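> Have a look at the structure that comes next, please.
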Amino acid sequence: MSVKVYIPTPFRRLTGNQARVEASAGTVGELLVELEGQFPGLRERLRDASGSLLGYINIYVNSEEIADQDGEATVLKDGDEVSIIPAVAGGDIMTEEQVKRYSRHLLLSEVGPIGQRKLLNAKVLLIGAGGLGSPAALYLAAAGVGTLGVVDFDVVDHSNLQRQILHQTKDVGTLKVESARESISAMNPNVKVEAHNMILDSSNALELFSQYDIIVNGVDNFPARYLANDAAVMLKKPMVDGGINQFEGMVSVYSPGTGCYRCLYENPPPPGAVPSCAEAGVLGVLPGIVGSLQALETIKLILGIGEPLIGRLLLIDTLSMDFRVLKTRRNPGCPACGDNPSITELIDYHEYCGLPIPEELEQQRAQESHVVAGANGASGANGAAGIHAGGTNGTNGAAAPQRQAEAVGGV
Ligand code: ZN
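Our numbering puts the first residue of the sequence shown at 860, with every later residue one more than the last.
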């Protein structure tokens, strides 16, 4: 029977760097004898001195491990795919469940066990559990990204269900981060979900971003977009950006040193000039496409494969079904990532965008100020004046630390 055999990366020097070889055999045992004859050195990598398969070598026929079938007597059929999957050196041994779950990744030479290990070890932060964050989170979870942070402050509303597929009808009224955690865990219980039920603001963005490898941006407003951009630039974190409006979407990847959102749009448009999705509407499937592309670009960054959308902006017009890629470049005069950046700390993005501060932010600020004032109570007025920025203290000067806040909800 003619079968294809997947050769894992560590053994490929024995097969002349071939990821897949073809062979003919009636059983797995016969196949191994055939391969061992064809590729000197392979036998020693697969078997111990007594000829038994080593304990850290698993062999799959299609997606079934041979230990669950007839071992080396497992019969092969024409067209079967046999995979030799060793435990990955330097990492935890993948469980049998993981090897099965990720078998279609393990078959890809660009992923394989080493790439899957990279995914399992990756930490990705999703800003917003909305239209973009939903498909991004589900596909990243399905792919085995080991840690997913989700930041959102909102609760699920009926109007979200038309596109935010992390949330279901039963979740209306619950916190989006909790609904997200439940959906992600149902998809893949191996994923560690870190739910950040809070409003991302200039006081917490840097600390939060610093805990993750890659930021996936799914925000729905300009203050949050500029805040996320500036924080990612300052921390030199790659950001996979997505945006949608009505029938159009965009995707780009900002990698440290290659430009940022401010290189494209140094300043936000005046308030009201560009309507939000809440005002203008958005086609339900569109965030599914854009968020899925963000997940794909994130996986490429983790694996280091292909050509991510760095220095390129993908524009999608779903009505004409026109996908265009425009070149972008770093602006040496960019205030965030340029040669002499003027933005060296996070600012008040609502004020910067000329927008009023939402009520939820005022509440979070009030709560934060109580907590911080309590903690600082004995140490005097250090910084306390700045804590009330936006409140009654209109005179806090440049020296006072500011507690500016930013609304972050999913699109
Ligand atoms: Zn820039």
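Where a beta carbon is used, it is the ideal one built from N, C-alpha and C, also for glycine. Please read all numbers here as calculations on a predicted model, not as lab measurements.
For Thr1177, I'd like the list of residues in its chain whose CB is within less than 8 Å of its CB, leaving aside the five on either flank, ordered along the chain.
Phe1106, Glu1107, Gly1108, Leu1142, Val1144, Leu1145, Ile1148.
> Looking at ligand 1, does it come within less than 7 Å of Arg1121, judged from the CB to the closest heavy atom?
Yes - ligand 1 has a heavy atom lying nearer than 7 Å to the Cβ of Arg1121.
> In this structure, how does DSSP classify Gly1245 when only helix, strand and coil are distinguished?
Residue placement at Gly1245 is flagged as unreliable, the pLDDT there being 29, under the threshold of 50; a coordinate-derived value is accordingly withheld.
> Out of Lys1159, Arg1188, Glu1204, state which residue places its alpha-carbon closest to the alpha-carbon of His833.
It is not possible to answer for residue 833, since the shown part of the chain is limited to 860 through 1270.
> What would DSSP say about Glu1053, mapped onto helix, strand or coil?
Residue state, collapsed to three classes: strand.
> Among the residues of its own chain, which have a CB less than 7 Å from the CB of His1055, if the five just before and after it don't count?
The residues are Gly1008, Val1009, Val1010, Val1036, Leu1067.
> Thinking C-beta only, is Ala1090 closer than 8 Å to Ile1043?
No, they are not a contact pair.
> Leaving out the 5 sequence neighbours to the left and right, which residues in its chain are closer than 8 Å to Pro1215 when beta-carbon positions are compared?
If we look at Pro1215 and ignore the five residues flanking it on each side, its Cβ neighbours are His1209.
> Can you list, in chain order, the residues of its chain with a C-beta nearer than 7 Å to that of Gly1102? Leave out the 5 residues immediately preceding and following it.
Once the five neighbours on either side are set aside, the close Cβ partners of Gly1102 are Gly1108, Met1109.
> Quick check: what's the CA-CA separation for Gln1027 versus Leu1173?
Going by the C-alpha atoms only, they are around 30 Å apart.
> Where does Asn1076 fall in DSSP's three states?
Reduced to three states, the DSSP call for Asn1076 is strand.
> My guess is that Gly1077 and Gln1023 are in contact by the Cβ rule of under 8 Å, so how many angstroms apart are they, rounded?
Actually they are not in contact, since the Cβ atoms of Gly1077 and Gln1023 sit about 10 Å apart, beyond 8 Å.
> DSSP state of Glu969, grouped into three classes?
Here Glu969 sits in coil by DSSP.
> With the cut-off set at 8 Å, would you say Leu935 and Leu901 are in Cβ contact?
Against a cut-off of 8 Å, the Cβ pair of Leu901 and Leu935 comes out as no contact.
> Please determine whether the Cβ atom of Arg906 lies at a distance below 7 Å from any heavy atom of ligand 1.
Not so, every heavy atom of ligand 1 lies at least 7 Å from the Cβ.
> Using only CA atoms, which one of Ile973, Asn1190, Asn1104 lies nearest to Ala1139?
Among Ile973, Asn1190, Asn1104, the Cα nearest to that of Ala1139 is on Asn1104.
> Cutting at 6 Å between CB atoms, please list the residues of its own chain near Ile916, excluding the five before and the five after it.
Once the five neighbours on either side are set aside, the close Cβ partners of Ile916 are Leu905, Pro945.
> Just to confirm my understanding: we take Leu1065, look at its own chain, exclude 5 residues before and 5 after, and list those with CB closer than 6 Å. What are they?
Result list for Leu1065: Ala1090, in chain order.
> Should Gly1199 be counted as a contact of ligand 1 given a C-beta to heavy atom distance under 7 Å?
Correcting the residue type first, residue 1199 is Asn in the shown sequence and not Gly. Result no, Cβ not under 7 Å from ligand 1.
> To the nearest angstrom, how far is it from the Cα of Ile866 to the Cα of Tyr919?
So the two alpha carbons sit approximately 12 Å from each other.
> What do you get for Thr1157, buried or exposed, if any count of 16 or more other CB atoms within 10 angstroms of its CB means buried?
That one is buried.
> What does the alpha-carbon distance come out to for the pair Gln1070 and Ser1062?
One C-alpha to the other measures close to 15 Å.
> Starting from Phe1295 and walking both ways along the alpha helix (DSSP H), at which residues does that stretch end?
Because residue 1295 is not part of the residues shown, which for the chain are 860 to 1270, the question remains open.
> Comparing C-alpha positions only, which one of Pro1194, Val970, Pro1129, Gly1150 sits nearest to Ile1175?
Ranking Pro1194, Val970, Pro1129, Gly1150 by Cα distance to Ile1175 puts Gly1150 first.
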